[in-house]
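Undergrad: Can you read through this structure? Questions will come right after.
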Amino acid sequence: MKGYVLSVEREVAAPPQAVFAILADVSRHHLIDGSGMLQGADEKTPQHLAMGTTFGMGMKMLVSYSTVNRVVEFEEGRRIAWKTGPTGSMGRWVAGRVWRYELSPTEAGTLVRESWDITDDHQRALLKLGGIYSGKVRRDMQRTLERLSRLVTSDGVPGDGIGDDRT
Numbered sequence: 638m639k640g641y642v643l644s645v646e647r648e649v650a651a652p653p654q655a656v657f658a659i660l661a662d663v664s665r666h667h668l669i670d671g672s673g674m675l676q677g678a679d680e681k682t683p684q685h686l687a688m689g690t691t692f693g694m695g696m697k698m699l700v701s702y703s704t705v706n707r708v709v710e711f712e713e714g715r716r717i718a719w720k721t722g723p724t725g726s727m728g729r730w731v732a733g734r735v736w737r738y739e740l741s742p743t744e745a746g747t748l749v750r751e752s753w754d755i756t757d758d759h760q761r762a763l764l765k766l767g768g769i770y771s772g773k774v775r776r777d778m779q780r781t782l783e784r785l786s787r788l789v790t791s792d793g794v795p796g797d798g799i800g801d802d803r804t
């Protein structure tokens with residue numbers, strides 16, 4: 638992790654618009670989540686994200702909880718990022734991480750860079766401590782990009798085995 642931003646990259650054999658379509662559709666995020674924590678999007682989530690859009694996510698890490706996310710960066714087909722945190726008073730303690738995806742066209746498709754930016758996170762010191770959490774996050778991000786690649790190149794659907802290898 639450099640500073641407070643952890644990034645991983647993967648080349649995907651699909652055009653940027655196809656990759657971006659999945660990233661901007663919250664209803665498909667559970668198909669690419671490499672952490673196993675994402676339980677699904679709130680029913681009120683818009684079909685296609687845009688700058689300033691807020692959306693809810695059901696999560697699970699030992700216990701179920703929910704987060705509220707707000708799109709803070711958006712360039713159609715090139716970049717999308719959202720800042721996340723739990724609802725209610727817990728937001729004062731654990732909110733502030735930014736998940737960012739940047740897409741660059743290549744001859745073979747798209748270079749996808751996923752970043753976990755904890756610069757403004759209230760827990761950044763704890764999250765960076767000893768590299769324990771960043772090691773898990775890096776592995777999960779690599780799994781996410783692998784699942785994204787498989788989904789966009791095979792038009793994967795739920796139950797097709799994408800991400801069933803959460804070891």
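Following my numbering, the numbering of the sequence shown begins with 638 at its first residue and continues without gaps.
Ideal Cβ placement from N, Cα and C applies to all residues, glycine included.
Remember, predicted model here, so these are calculated numbers, not experimental data.
Once the 5 residues before and after S752 are set aside, which same chain residues still bring their CB inside 6 angstroms of it?
TA: Residue mapping note: residue 752 aligns to position 115 of the sequence shown, counting from 1. For S752, where only same-chain residues beyond five positions count, the Cβ hits under 6 angstroms are V642, S644 and R737.
Undergrad: Give the secondary structure of S741 by DSSP, where H, G and I count as helix, E and B as strand, and everything else as coil.
TA: Reading the sequence shown from its first residue, position 104 is the one you call residue 741. Here S741 sits in strand by DSSP.
Undergrad: Spatial neighbours of V709 within its chain, please: C-beta separation below 7 angstroms, excluding the five flanking residues on both sides.
TA: Taking the sequence shown and counting its residues from 1, the one referred to as residue 709 is at position 72. Once the five neighbours on either side are set aside, the close Cβ partners of V709 are A718, W719, K720 and V735.
Undergrad: Out of D754, T747, K681 and I755, state which residue places its alpha-carbon closest to the alpha-carbon of V705.
TA: For this step, residue 705 is matched to residue 68 along the sequence shown. Closest option to V705, Cα to Cα, is K681.
Undergrad: Going by C-alpha distance, which of E744, H759 and H667 is nearest A651?
TA: Residue mapping note: residue 651 aligns to position 14 of the sequence shown, counting from 1. Here the closest residue by C-alpha is E744.
Undergrad: Rounded to whole angstroms, what is the Cα-Cα separation between L764 and S786?
TA: The count along the sequence shown starts at 1 and reaches residue 764 at position 127. The count along the sequence shown starts at 1 and reaches residue 786 at position 149. Their backbone Cα atoms lie some 27 angstroms apart in a straight line.
Undergrad: Where does I659 sit, in a helix, a strand or coil, going by DSSP?
TA: By 1-based counting over the sequence shown, the position of residue 659 is 22. I659: helix per DSSP, three-state reduction.
Undergrad: Using the DSSP secondary-structure output, state which residues sit across from T691 in a beta bridge.
TA: As a position in the sequence shown, residue 691 is number 54, starting the count at 1. DSSP, once it has assigned bridges, lists R707 as partnering T691.
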